[in-house]
Amino acid sequence: MGKYFVIILYLLVLLFSYWLKYLNLSHLKRFGSSIPPEFEGQIDQALLNRARDYTVGNIKFGFFSSIFNNAVILIFLFGGILDAYNSWIIALNLPFIPAGLIFFMLLIYADTILEIPFSLYHTFIIEKKYGFSTMTIKLWITDFAKSIFISTFLSVLIISIGLLLVQQSPRLWWFWVWCFFLIYSIFIIYISPYVIEPLFNKFTPIDNKALEDSINNLMQKVGIKVLYDTLIDKMNSNETLSVLAHEVGHWKKKHILKYIIVTEVIALIASYIAFRILQGELLINLFNIKESSFFAKAILLGFLGSIAAFPFTPLFNYFSRKYEIEADRFACELTGEKEGMISALVKLSKDNLSNLHPHPLYAAFYYSHPPVLKRVRHINSASIDTH
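This note's numbering applies: residue 122 is where the sequence shown begins, and numbers increase by one.
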């Protein structure tokens, strides 16, 4: 009975998310051809229609891929596949860590393989159609191979260390695993730009000396040294400085630090709850798994965790949007003018074919950044203390 309750709950969450997407799609079809006053003279009807069609295409693609992915998840968990897979791993009679590596890595590779057709379609059909991708099959294969290599290395490292901590500290592994992921998160935020990003992007000095001097003056307090060529190529100096000043605002307002503190406190609590649940056989009994294993319980707990986390999505995104508004204001104060930030936002929305008319409820639930029109209006209405 409990298993069917979980299925119903999961389907209700899915239906609610699909309803939000349907609202967004309907809202876009109704208002998507309307040019906001703030964009008059900066965007024409043809471009707005193109942005609408791009968003509609992505929403429909998202519907299809989501239905497929969730069908696979439900069949895997409730169709007896996880049960059989778990029994096969146990029958191998391997030590704890090698067994766990095989269990999780095969699932990771299976997920990667299933995602290939969707990645190809999105890259070579949708993104190519709207001019967002110049990627060739050869380059896609090269990047895919790099991502597989990096993913395998990091996954094996993370899984091995995690399982080692579980094995060596049966009572306190939840705390040590949390400590490990804290260190890993810091690595991704602060070290990845120097280690992983260069594998996919070429970093070169800025050619424009005047722009370089302006950036150095703006960045000297925070140590930001990477600037993507798309930003330089498509924006003038004032717009570029405004975008960078926005990023500086996140640092000066300690948004990243606040984010890390909040997420790590939640992660610590979640780790302890996971520890208590994984100690017992509740999940094994709930999902009718024949043979108990730590690995199967971890997968099932992750599934239930995704359901439990869903209602908190709008809360986290609310604070994320709040931080973006604060960073916009800081950028205007630091650069001494609003026009650069507004012009940059308009230009970015045009280049990215952004949806100017998302449904308010959809945006409240899913948008980590305020809709661009709302950001422009916030900047226009704000009283800026220019330096």
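Beta carbons are placed, not taken as given, at the ideal position from N, Cα and C, and that holds for glycine.
Handout entry: Extent of the continuous alpha helix (DSSP H) run through GLY370
Key = As a position in the sequence shown, residue 370 is number 249, starting the count at 1. Taken as a continuous stretch (DSSP letters only), the alpha helix (DSSP H) holding GLY370 covers 358–373.
Practice task
Look at the alpha carbon of VAL343 and the alpha carbon of ILE310, and state the distance between them as a whole number of angstroms.
Solution key: Position 222 of the sequence shown, counted from the start, is the residue given in the question as residue 343. Position 189 of the sequence shown, counted from the start, is the residue given in the question as residue 310. Reliability fails at VAL343, whose pLDDT of 48 lies under 50, so the model's placement of it is uncertain and no value is given.
Practice task
Take every Cβ of the segment 398–416, pair it with every Cβ of the segment 446–459, and state whether three or more of those distances are shorter than 8 Å.
Solution key: no
Handout entry: VAL383 versus PHE437, LYS259, TRP294, residue with shortest Cα-Cα distance
Key = One-based indexing of the sequence shown puts residue 383 at position 262. Closest by alpha carbon: PHE437.
Handout entry: Spatial distance of ILE370 from ASP449 (CA atoms)
Key = Looking up residue 370 in the sequence shown gives position 249. Looking up residue 449 in the sequence shown gives position 328. Per the sequence shown, residue 370 should be read as Gly rather than Ile. Answer to the nearest angstrom: the Cα atoms are 8 Å apart.
Practice task
Taking only the alpha-carbon atoms, compute the straight-line gap between ILE234 and TYR139 and give it to the nearest angstrom.
Solution key: Start at 1 with the first residue of the sequence shown, and residue 234 comes out as number 113. Start at 1 with the first residue of the sequence shown, and residue 139 comes out as number 18. Between ILE234 and TYR139, the C-alpha separation is close to 25 Å.
Handout entry: Option nearest TYR444 by Cα separation, candidates HIS499, LEU284, ALA391
Key = Locating residue 444 in the sequence shown gives position 323, counting from the first residue. Checking every option, the nearest Cα to that of TYR444 belongs to HIS499.
Practice task
Report the residue from LEU284, LEU285, SER427, TYR143 whose alpha carbon sits nearest the alpha carbon of ILE180.
Solution key: Counted from its first residue, the sequence shown places residue 180 at position 59. Of the listed residues, the one whose Cα sits closest to ILE180 is TYR143.
Practice task
Rank PRO479, LEU228, PHE185, GLY178 by C-alpha distance to the C-alpha of SER155 and give the top, closest one.
Solution key: As a working mapping, residue 155 is identified with position 34 in the sequence shown. Closest by alpha carbon: PRO479.
Practice task
Take every Cβ of the segment 209–216, pair it with every Cβ of the segment 424–438, and state whether three or more of those distances are shorter than 8 Å.
Solution key: no
Exercise for the section: Using three-state DSSP, classify ASN190 as helix, strand or coil. Expected result: Counting from one through the sequence shown, the residue named residue 190 turns up at place 69. ASN190: helix per DSSP, three-state reduction.
Exercise for the section: Below 8 Å on the Cβ atoms is my guess for SER413 versus GLU402; work out the distance and round it to an integer in Å. Expected result: On the sequence shown, residue 413 is found 292 positions in, with the first residue counted as 1. On the sequence shown, residue 402 is found 281 positions in, with the first residue counted as 1. SER413 to GLU402, Cβ: 6 Å. Contact.
Practice task
Take the Cβ of ILE463 as the centre, count every other Cβ of all protein chains shown within 10 Å, and call the residue buried at 16 or more, exposed below.
Solution key: Position 342 of the sequence shown holds residue 463. Result: buried.
Handout entry: Buried or exposed by the 16-neighbour rule on C-beta atoms within 10 Å, applied to VAL386
Key = As a first step, residue 386 must be located in the sequence shown, where it is residue number 265. By the neighbour-count rule (16 or more Cβ atoms within 10 Å), VAL386 is not buried but exposed.
Handout entry: Pair within 8 Å by beta-carbon distance, ILE247 and LYS471
Key = Position 126 of the sequence shown, counted from the first residue, corresponds to residue 247. Position 350 of the sequence shown, counted from the first residue, corresponds to residue 471. Their beta carbons are not under 8 Å apart, which means ILE247 does not touch LYS471 by this criterion.
Handout entry: Among PHE296, GLN289, SER147, ILE279, nearest to PHE308 - alpha-carbon criterion
Key = As a first step, residue 308 must be located in the sequence shown, where it is residue number 187. Residue ILE279 is the option with its Cα nearest to PHE308.
Exercise for the section: Taking TYR305 as the reference, give the member of ILE381, VAL364, LYS373, LEU293 with the closest Cα. Expected result: Here residue 305 is taken as the residue at index 184 of the sequence shown, counted from 1. The shortest Cα separation from TYR305 among ILE381, VAL364, LYS373, LEU293 belongs to ILE381.
Practice task
Quick one: residues in its chain with C-beta nearer than 6 Å to the C-beta of LEU286, no 5 flanking neighbours on either side, listed in chain order?
Solution key: Walking along the sequence shown from the start, residue 286 turns up at place 165. Here the set comprises TRP294, TRP297, VAL298.
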